[in-house]
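Undergrad: Numbering (full-length UniProt numbering), first residue to last: 1 to 206.
#1: Looking at C-beta atoms only, is the number of pairs between the region 46 to 56 and the region 76 to 83 that lie closer than 8 Å three or more?
#2: Rounded to whole angstroms, what is the Cα-Cα separation between residue 197 and residue 181?
#3: Do residue 110 and residue 64 come within 8 Å of each other at the CB atom, strictly closer than that value?
#4: Apart from the five residues just before and just after residue 121, which ones in its own chain have a Cβ nearer than 6 Å to its Cβ?
#5: For residue 182, list the residues DSSP reports as bridge partners.
#6: I need the boundaries of the alpha helix (DSSP H) containing residue 65, first residue and last residue.
#7: Use the C-beta contact count for residue 60: other C-beta atoms within 10 angstroms, 16 or more gives buried, fewer gives exposed.
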């Protein structure tokens, strides 16, 4: 395969009179290919954005691969710029991480920033899980507390409404000592009162 490539190049440059002309042509071809490769790699690196909820591990690995590709194409990317390109591609859920990162003035390698972001992603997922389970637990606790606070012996057993108190049921069970009938006391007994009036010369008007 290499031999055939050499023969093809030989035929292509057999019309060139000087070696300098061949060298200039090769450099021009290499420069054009490199420029196109740099443009394609830069475009992919800049527009590669992490979607909310997607894996930050896979995303950062793709970013690192593109950064290394550009470095191999002789593109100068300082370490700080490499990290910034990764941070700028993160969604809003990572804003707190970025703020703390810049405040602490950290200077990590690409592998270190990858591990830091993976750890932060795990923290975000844990917090979301706690928020989703908390409301149902509070509601259940409140419901039990409210139910237990209702008095169990407030009303008369067997009554359809709560207007009759325990005191009323006690009165119903009492028996009049004068007439022997239940439901009232002697001081409220009609027969007893009539008898008292007749003894005093008073008559009850029906």
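Heads up, the beta-carbon is just placed ideally off N, CA and C, and yes, glycines get one too.
TA: Reading it off the structure:
#1: The region 76 to 83 and the region 46 to 56 do not touch, with fewer than three beta-carbon pairs separated by less than 8 Å.
#2: Here residue 197 refers to the residue found at position 197 when the chain shown is read from its first residue. Here residue 181 refers to the residue found at position 181 when the chain shown is read from its first residue. In a straight line, the C-alpha of residue 197 is about 20 Å away from that of residue 181.
#3: Counting from 1 along the chain shown, the entry for residue 64 is found at position 64. Counting from 1 along the chain shown, the entry for residue 110 is found at position 110. Closer than 8 Å, so yes.
#4: Here the question's residue 121 lines up with position 121 in the chain shown. Contacts found: 56.
#5: Your numbering for residue 182 matches position 182 in the chain shown. Paired residues: 175.
#6: Counting from one through the chain shown, the residue named residue 65 turns up at place 65. Start and end: 56 to 72.
#7: For the purposes of this step, residue 60 is taken as the residue at position 60 of the chain shown. Flag for residue 60 reads buried.
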